[in-house]
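Take my numbering: the last position of the sequence shown gets the number 189, and nothing is skipped along the way.
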Amino acid sequence: MSTDPRPLYQRIADELRDHIAAGTLKEGERAPSTNELSAFHSVNPTTAAKALTALHQEGLVEKRRGLGMFVTPTAREQILEQRRAHLARDYIRPLLREASALGLSLSDLIATIKHEAIERETTEHAATEQERNNHEDSPSRG
48 MSTDPRPLYQ RIADELRDHI AAGTLKEGER APSTNELSAF HSVNPTTAAK ALTALHQEGL
108 VEKRRGLGMF VTPTAREQIL EQRRAHLARD YIRPLLREAS ALGLSLSDLI ATIKHEAIER
168 ETTEHAATEQ ERNNHEDSPS RG
């Protein structure tokens with residue numbers, strides 16, 4: 048059971064936004080129907096419809112009579128722009144305030160971020176290599 052306090056329809060709408068942002072649900076493609084979302088998420092069709100309505104009100108999907116809902120041509124860019132604004136407001140500005148409080152210069156902060164990014168890449172690469180090695184070492188099924 049999820050600990051996410053948001054209503055189910057918001058979580059479903061966010062999942063669809065994630066698919067649009069990632070490009071797995073492309074502009075011009077048909078969005079999943081109310082019934083498809085309802086079955087996939089095991090929710091009431093009203094909940095699924097509410098998720099699609101939220102996206103429609105935001106201009107991310109449009110209704111095509113008799114065909115369903117389709118991702119709008121500007122949906123992906125809209126979502127990415129909202130997320131960039133969220134990143135600046137909720138992460139970068141507080142980070143800059145904290146760095147200032149710690150007496151870090153901008154160049155020190157950038158160096159710290161670069162160090163963390165390299166550390167993350169190294170860790171992810173090692174995990175990928177380990178996974179590959181584990182897969183190669185496993186007996187084949189026949």
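Glycine included, C-beta positions come from ideal geometry on N, C-alpha and C.
Thinking just about the alpha-carbon of each residue, which of the options is nearest to the one in residue i?
{"i": "residue 102", "options": "93, 144, 119, 86", "result": "119"}
{"i": "residue 85", "options": "56, 73, 112, 135", "result": "56"}
{"i": "residue 87", "options": "62, 111, 117, 136", "result": "62"}
{"i": "residue 105", "options": "111, 113, 121", "result": "121"}
Which partner residues does residue i have in the DSSP bridge list?
{"i": "residue 117", "result": "77, 109"}
Quick one: what does DSSP say residue i is sitting in, helix, strand or coil?
{"i": "residue 137", "result": "helix"}
{"i": "residue 174", "result": "helix"}
{"i": "residue 153", "result": "helix"}
{"i": "residue 89", "result": "coil"}
{"i": "residue 72", "result": "coil"}
{"i": "residue 50", "result": "coil"}
{"i": "residue 188", "result": "The pLDDT assigned to residue 188 is 45, lower than 50, so where the model puts this residue is not dependable; a value taken from the coordinates is nonetheless given after this. In this structure, residue 188 counts as coil in the three-state DSSP scheme."}
At which residues does the alpha helix (DSSP H) containing residue i begin and terminate?
{"i": "residue 63", "result": "55 to 69"}
{"i": "residue 92", "result": "92 to 104"}
Within a Cβ cutoff of 8 Å, which residues of the same chain sit near residue i, ignoring the five residues on either side of it in sequence?
{"i": "residue 48", "result": "Interpretation of residue 48 is limited by its pLDDT of 49, a score under 50 that renders its predicted location unreliable; the figure taken from the coordinates is listed afterwards. Cβ neighbours of residue 48 beyond the five flanking positions: none."}
{"i": "residue 68", "result": "123, 126, 127, 130"}
Return the chain-ordered list of same chain residues with a C-beta closer than 6 Å to the C-beta of residue i, the five sequence neighbours on each side being excluded.
{"i": "residue 64", "result": "126"}
{"i": "residue 94", "result": "55, 56"}
{"i": "residue 109", "result": "117, 119"}
Got a sec? Which residues, its chain only, sit under 7 Å from residue i by beta carbon, not counting five neighbours each side?
{"i": "residue 60", "result": "98, 101, 102"}
{"i": "residue 96", "result": "81"}
{"i": "residue 189", "result": "Bear in mind that the predicted position of residue 189 carries a pLDDT of just 45, short of 50, making it too unreliable to give a figure here."}
{"i": "residue 183", "result": "none"}
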